[in-house]
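Numbering (my numbering), first residue to last: 41 to 276.
Written below as structure tokens is the structure these notes are about.
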Amino acid sequence: MGKLLLTTAEAIGQALVARIAAGEFHQGDRLPAERELSEHYRTTRITLREALGQLEQQGKIYRELRRGWFVAPPRLIYNPLHRSHFHAMVERQGRVAETEVLDARPVTLDHALAQTLAMHPGEEAWRISRLRRIDGRAVLYVEHYLNPIWFPGLLTADLTRSLTELYSQRYGIQYGGVRFTILPGPLPAFAAPALKVAAGSPGLFITRINRDQHNRIIDCDHEYWRYDALCVDVEA
Numbered sequence: 041m042g043k044l045l046l047t048t049a050e051a052i053g054q055a056l057v058a059r060i061a062a063g064e065f066h067q068g069d070r071l072p073a074e075r076e077l078s079e080h081y082r083t084t085r086i087t088l089r090e091a092l093g094q095l096e097q098q099g100k101i102y103r104e105l106r107r108g109w110f111v112a113p114p115r116l117i118y119n120p121l122h123r124s125h126f127h128a129m130v131e132r133q134g135r136v137a138e139t140e141v142l143d144a145r146p147v148t149l150d151h152a153l154a155q156t157l158a159m160h161p162g163e164e165a166w167r168i169s170r171l172r173r174i175d176g177r178a179v180l181y182v183e184h185y186l187n188p189i190w191f192p193g194l195l196t197a198d199l200t201r202s203l204t205e206l207y208s209q210r211y212g213i214q215y216g217g218v219r220f221t222i223l224p225g226p227l228p229a230f231a232a233p234a235l236k237v238a239a240g241s242p243g244l245f246i247t248r249i250n251r252d253q254h255n256r257i258i259d260c261d262h263e264y265w266r267y268d269a270l271c272v273d274v275e276a
């Protein structure tokens, strides 16, 4: 059987990967502008973008809105069965974690969130919105919804730190059971700008409903990940 011929986009992609492997570009480096790359490979912008899109799907590069294309670092390995907080998980893999608090306030629960938290519609919960970075790159927008009965005064605490540690040290509450739901889908307009992508870009939506050591539902996390930043790896 004859050797399959590469498409132009595939050939460009292989050439770019070879340049990265040779050390011409390093992790986090910005690639040349699309116009420069299309001229270098003597191709159209449409074909070039096809090649870049293929490399993005492979996790080789990533794009930031209005900034261009960058060489991607390794994906974060995320095992939902490990009860570890974000900073510990990132640092255990030799990376640098950072958390920025975007908003923290009381909110009125709609029917769906009230049901999730085992509360009543119209009751007040606390919502903490945070942006999380790995090696300086924004990869996760998360909204935490907390039942305030378990965490008096929490909104005045340092919310850039791990909530897992804060729960334990300040309230004597530790995580017990957890329920995960993981769905691929488009990043919503309220999360995408913080992640430096266009609304509707592909992402991973992870819902985590947490119980404490007494089996009480204490909070719910809505995590919106850049899909190219995460690898979910579970071994039971």
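Ideal placement from N, C-alpha and C gives every residue a C-beta, glycine not left out.
Because the structure is a prediction, the values reported are computed rather than measured.
- Exclusion of the five residues before and after Thr48 leaves Thr83, Thr87 as the residues of its chain whose Cβ lies within less than 7 Å of its Cβ.
- Residues of the same chain with a CB within less than 6 Å of the CB of Gly108, apart from the 5 flanking positions on each side, are Arg70 in chain order.
- Burial is judged here by how many other beta carbons sit within 10 angstroms of a residue's own beta carbon; Ala152 has fewer than 16 and is exposed.
- Looking at the DSSP output, Arg145 sits in a beta bridge with Arg167.
- Nearest to Arg135 by C-alpha distance, out of Tyr267, Leu116, Gly217, Arg167, is Leu116.
- The region 131 to 151 and the region 192 to 203 touch, with no fewer than 3 CB-CB distances between them shorter than 8 Å.
- Using a Cβ distance threshold of 9 Å, Pro114 and Gln133 count as a contacting pair.
- Under the Cβ criterion (8 Å, minimum of three pairs), the region 162 to 178 does not count as touching the region 241 to 250.
- Taken through DSSP and simplified to helix, strand or coil, Ala178 comes out as strand.
- As computed with DSSP, Leu186 is found in a beta bridge with Trp166, Asp259.
- Just so you know, the alpha carbons of Gly216 and Pro72 end up roughly 48 Å apart.
- Judged by DSSP in its simplified three-state form, Phe126 adopts helix.
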